[in-house]
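A.B. asks: First residue of the sequence shown: 1, per the UniProt record's numbering; consecutive thereafter. Yeah, the Cβ is synthetic: ideal placement off N, Cα and C, and Gly gets one too.
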Amino acid sequence: MSKDLYMKKLDKLINKFIFRSRDFVDYAAHLYGYNEMLMTGETNSKFTYDHEYFNFTKSTKTLISIRELLKMGHNEDALILIRSMFENYLSSRYLNENEEFIDQLITFPLNLFFAEYNVREEGEIFNREGEKVGELINPSGFKTGKDKQYYYTFYGFLSPFAHSNFGIANYYLDEHFRFTVEKVNYPILVRFFTLFVFTKIFEHYCNH
Numbered sequence: 001m002s003k004d005l006y007m008k009k010l011d012k013l014i015n016k017f018i019f020r021s022r023d024f025v026d027y028a029a030h031l032y033g034y035n036e037m038l039m040t041g042e043t044n045s046k047f048t049y050d051h052e053y054f055n056f057t058k059s060t061k062t063l064i065s066i067r068e069l070l071k072m073g074h075n076e077d078a079l080i081l082i083r084s085m086f087e088n089y090l091s092s093r094y095l096n097e098n099e100e101f102i103d104q105l106i107t108f109p110l111n112l113f114f115a116e117y118n119v120r121e122e123g124e125i126f127n128r129e130g131e132k133v134g135e136l137i138n139p140s141g142f143k144t145g146k147d148k149q150y151y152y153t154f155y156g157f158l159s160p161f162a163h164s165n166f167g168i169a170n171y172y173l174d175e176h177f178r179f180t181v182e183k184v185n186y187p188i189l190v191r192f193f194t195l196f197v198f199t200k201i202f203e204h205y206c207n208h
């Protein structure tokens with residue numbers, strides 16, 4: 001099979017995921033926990049659904065962006081977004097298996113966004129009264145099950161593209177060692193990584 005044909009088949013799978021995921025978001029992704037809280041005045045376990053549907057919606061929109069980056073050959077930027085999708089998957093699975101961490105993954109981020117809480121050194125979270133309420137969790141803390149077996153290798157490959165890391169300079173150099181924005185790196189591999197991560201996301205939601 002030629003490289004171009006391989007890429008077309010992978011792109012077709014990405015398009016299928018986008019089509020089906022859009023439908024899922026439109027018909028099933030709602031704020032079940034939040035709506036119940038409005039009726040009862042109390043938090044509830046359905047907030048885990050809200051968190052999962054948020055991550056699924058966010059990942060679907062990210063997948064659409066990745067598709068456009070792949071069309072342009074901007075594969076390094078696609079890898080940055082693949083890392084973001086991977087983090088969405090890890091946090092969704094982690095909360096699903098550890099509901100007692102609902103504050104760390106829902107309450108704390110909301111309060112930080114609205115400046116009710118603030119983060120100090122070493123990731124400690126404090127409220128406006130100066131009381132410590134918790135700590136930020138590094139994405140590495142979200143890995144569970146067999147994801148632990150490949151996490152450091154996979155995440156370690158993706159991470160340099162999200163920062164100023166001269167170790168990846170070769171991705172931006174042509175054959176004459178001149179910087180270029182035209183170089184297209186690993187088009188098939190990046191598509192595989194895209195499908196690998198979104199398949200894990202899609203399967204996670206289909207199993208719940």
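So does the segment 21-28 actually touch the segment 48-67, counting three or more Cβ pairs closer than 8 Å?
C.D. replies: yes
A.B. asks: Can you tell me the Cα-Cα spacing of G73 and Y186, whole angstroms?
C.D. replies: As a first step, residue 73 must be located in the sequence shown, where it is residue number 73. As a first step, residue 186 must be located in the sequence shown, where it is residue number 186. About 9 Å.
A.B. asks: What first and last residue would you give for the alpha helix (DSSP H) that runs through I18?
C.D. replies: Walking along the sequence shown from the start, residue 18 turns up at place 18. Secondary structure note for I18: its alpha helix (DSSP H) is the uninterrupted segment 3-28.
A.B. asks: Which same chain residues, not among the five before or five after Y171, have their C-beta less than 6 Å away from its C-beta?
C.D. replies: Here residue 171 corresponds to residue number 171 of the sequence shown, with the count starting at 1. Here the set comprises E76, N185.
A.B. asks: If you drop the 5 nearest sequence neighbours on each side, which residues of the same chain put their C-beta closer than 6 Å to that of G141?
C.D. replies: In the sequence shown, residue 141 corresponds to position 141, counting from 1. If we look at G141 and ignore the five residues flanking it on each side, it has no Cβ neighbours.
A.B. asks: Identify, in the order they occur along the chain, each residue of the same chain with its Cβ nearer than 6 Å to the Cβ of D103, setting aside the five sequence neighbours on each side.
C.D. replies: The count along the sequence shown starts at 1 and reaches residue 103 at position 103. Counting only Cβ-Cβ distances below 6 Å, and skipping sequence neighbours, we find nothing.
A.B. asks: Threshold first: 3 residues or longer. Then list the beta strand (DSSP E) segments lying entirely within the segment 92-141, N to C.
C.D. replies: 117-119, 124-127, 132-135
A.B. asks: Across which residues does DSSP place F179 in a beta bridge pair?
C.D. replies: In the sequence shown, counting from the first residue as 1, residue 179 sits at position 179. BP columns for F179 point to L173.
A.B. asks: Just the C-alpha distance for N118 and H51, rounded to the nearest angstrom, thanks.
C.D. replies: Locating residue 118 in the sequence shown gives position 118, counting from the first residue. Locating residue 51 in the sequence shown gives position 51, counting from the first residue. Rounded to whole angstroms, N118 and H51 show a C-alpha spacing of 21 Å.
A.B. asks: With three or more beta-carbon pairs closer than 8 Å as the criterion, would you say the segment 63-70 touches the segment 145-157?
C.D. replies: At 8 Å Cβ cutoff, the stretches do not touch.
A.B. asks: Taking the CB atoms as reference points, tell me whether K143 and L90 lie closer together than 8 Å.
C.D. replies: The residue given as residue 143 occupies position 143 in the sequence shown. The residue given as residue 90 occupies position 90 in the sequence shown. In this structure, L90 lies closer than 8 Å to K143 by Cβ.
A.B. asks: Measuring CB to CB, does R93 end up less than 8 Å from L158?
C.D. replies: By 1-based counting over the sequence shown, the position of residue 93 is 93. By 1-based counting over the sequence shown, the position of residue 158 is 158. Taking 8 Å as the Cβ cut-off, R93 and L158 do not qualify as a contacting pair.
A.B. asks: Hey, quick one: how far does the alpha helix (DSSP H) through Y152 stretch, first residue to last?
C.D. replies: Along the sequence shown, read from residue 1 onward, the residue named residue 152 stands at position 152. Per DSSP, the continuous alpha helix (DSSP H) segment holding Y152 begins and ends at 151-158.
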